[in-house]
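Below: one structure, written as structure tokens.
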DNA sequence: TGTTTTTCATTTGTCAGACAATTAAAAGTC
DNA sequence: GACTTTTAATTGTCTGACAAATGAAAAACA
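Protein chains in written order, with my numbering: chain G, 1 to 242; chain R, 243 to 484.
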């Protein structure tokens, strides 16, 4: 389980890797202070700049934070849900945008994942999440919403749906899937008619949560997935025609 | 959608953030070469070391790769599934280990997520994945397997199950959930009896795939989740007693 | 002419040393 | 005791230098 990224040739990457292993494997614990840059450069027999580059790598992964001044230094960072969320989203978004993923594959994955929280969501949904979903649904009925705003509202709606399961680990894992779809969805221009259809599905989803109707929720998500793919296919076909 | 991490005070973080935005928003495309460090330091009016620290931050997120020599430089990296996998796993693992997640919550999330690929897995499972699962199942019957080896085999089994859905995006999203459980599971000592019980569930899972029996697969996953939680609860109770 | 070797310019990797900015503890002052 | 000043430690940034790698161009060679 060691040296997760050891094919790197630069010293700074090697040092970062060693320190990272120390953190992941628990030899350095949360909020523990690392040796100062000067001490580290002695320990590893490299210059301070090389140590600094290694530390910046770790900072980029939110593994450490640094503080200036006496009694400052680099500290092992407690990875917050927020940090983990944004890293997950960045990675997922780039993975989808750089690997020309088939949109059907992405949609299939997304709705399969959302389906996974249907039973929990129906059982535990709280008024808090339901009101967010109702608010977003209402926003979506506004005809002067731009495509970008529409998609953002769509994402907020589905994130709230996921949150209904009241399981933060589940929410974390699904955030990437839901958010990363945003750029893909933004490519699709929604006509008034297609918006109305999606809105009716969203309304059904809220109803299914209110009445704790698991089969209805699953069916609705399936229809939503199918309709999303249809829309995407149509947009792609129109584009190819031109 | 700009300046995703703008509360940073250091120049290197600011510069990294700007370049990152350029990549995420598509102004810099895959394999495009960034200006040289010297040029960047002119552009941003900072020293070369500061630019280098910024670039190392991006390299840590696999957003760029660098190459020495004439016509070398920093290039926008195409994020591979492999890179995305390992980043996801690192983040998920740390998130779970640093936030003293309730093991029930983690188990619940994991099996809910796995359940999401049951229909696709039953429909598309190929001989390739089934043989991996049979091999790991056979490994698990060996009594001289250490707890670590047992858990690793367990992870391999479930990863292969996820791969049955033949959807790379789904596999990517679920990798974090399955792999991050490994350290948590490693805390549990498996008696011969509990191993046998898990093995029987695994066998049932293989059968459900072979016969494309969706309800059986879902039921088996549910039982597996419940049993995992029971084991964990027992371990925790025993530890508290001491 | 075609091929191989050498040279060379460019770029990243590493180092050393300096100073600025920040910060909390310690010392001094009233 | 409360407040101010000093001080030492530490990160942030800059400058300049050299090593190492590398592909292109030039030179040498057959």
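Ideal placement from N, C-alpha and C gives every residue a C-beta, glycine not left out.
Just so you know, these numbers come straight off a predicted model, no measurement behind them.
- DSSP, read as helix, strand or coil, puts residue 89 (chain G) in helix.
- Per the C-alpha coordinates, the member of G:156, G:94, G:160 positioned closest to residue 270 (chain R) is G:94.
- A residue is called buried when at least 16 other Cβ atoms come within 10 angstroms of its Cβ; residue 186 (chain G) does not meet this threshold and is exposed.
- Residue 191 (chain G) sits in coil when the DSSP states are folded into three classes, being neither helix nor strand.
- Using a CB distance below 8 Å, the part of the region 160-172 of chain G facing chain R consists of 165, 167, 168, 169, 170, 172, ordered along the chain.
- At least one C-beta of chain R is nearer than 8 Å to the C-beta of residue 52 (chain G).
- Taking a C-beta cut-off of 7 Å against chain R, the contacting residues of the region 113-124 of chain G are 113, 115, 116, 117, 120, listed in chain order.
- The C-beta of residue 101 (chain G) comes closer than 8 Å to at least one C-beta of chain R.
- The Cβ-Cβ distance between residue 467 (chain R) and residue 350 (chain R) falls below 8 Å.
- In terms of beta-carbon proximity, residue 330 (chain R) lines the interface with chain G, with at least one pair separated by less than 8 Å.
- Under DSSP, residue 64 (chain G) forms a beta bridge with G:76.
- Within chain G, the C-beta atoms nearer than 7 Å to that of residue 351 (chain R) come from 167, 169, 170, 173, in chain order.
- A Cβ-Cβ distance of about 7 Å is found for the pair residue 195 (chain G) and residue 150 (chain G), placing them in contact under the 8 Å criterion.
- Per DSSP, reduced to three states, the secondary structure at residue 290 (chain R) is helical.
- Put simply, the backbone Cα of residue 341 (chain R) is about 17 Å away from that of residue 478 (chain R).
- Scanning G:180, G:125, G:32 for the CA closest to the CA of residue 72 (chain G) turns up G:32.
- In the DSSP assignment, residue 455 (chain R) falls outside any alpha helix (DSSP H) and carries neither an H nor an E.
- Taking 8 Å as the threshold, the shortest C-beta distance from residue 187 (chain G) to chain R does not fall below it.
- In the DSSP assignment, no residue is bridged to residue 115 (chain G).
- Residue 418 (chain R) reaches chain G at 88, 172, 173, 176, counting residues in chain order whose Cβ is nearer than 9 Å.
- Contact annotation for residue 98 (chain G) against chain R: 272, 320, 321 [CB-CB distance below 8 Å, chain order].
- In this structure residue 48 (chain G) is exposed. Its beta-carbon is surrounded by fewer than 16 other beta-carbon atoms within 10 angstroms.
- Using a Cβ-Cβ cut-off of 8 Å, residue 302 (chain R) counts as an interface residue toward chain G, since at least one Cβ of chain G sits closer than that to its own.
- In terms of Cα proximity to residue 348 (chain R), the closest of G:64, G:169, G:22, G:44 is G:169.
- Taking 7 Å as the cut-off between beta carbons, the residues of the region 17-47 of chain G near chain R are 24, 30, in sequence order.
- Annotation for residue 15 (chain G): 44, 54 place their beta carbon closer than 6 Å to its own, counting only its chain and skipping 5 residues before and after.
- Distances from the CA of residue 189 (chain G) to each of G:166, G:223, G:238 were compared; the closest alpha carbon is that of G:238.
- Secondary structure at residue 33 (chain G): strand, using DSSP grouped into helix, strand and coil.
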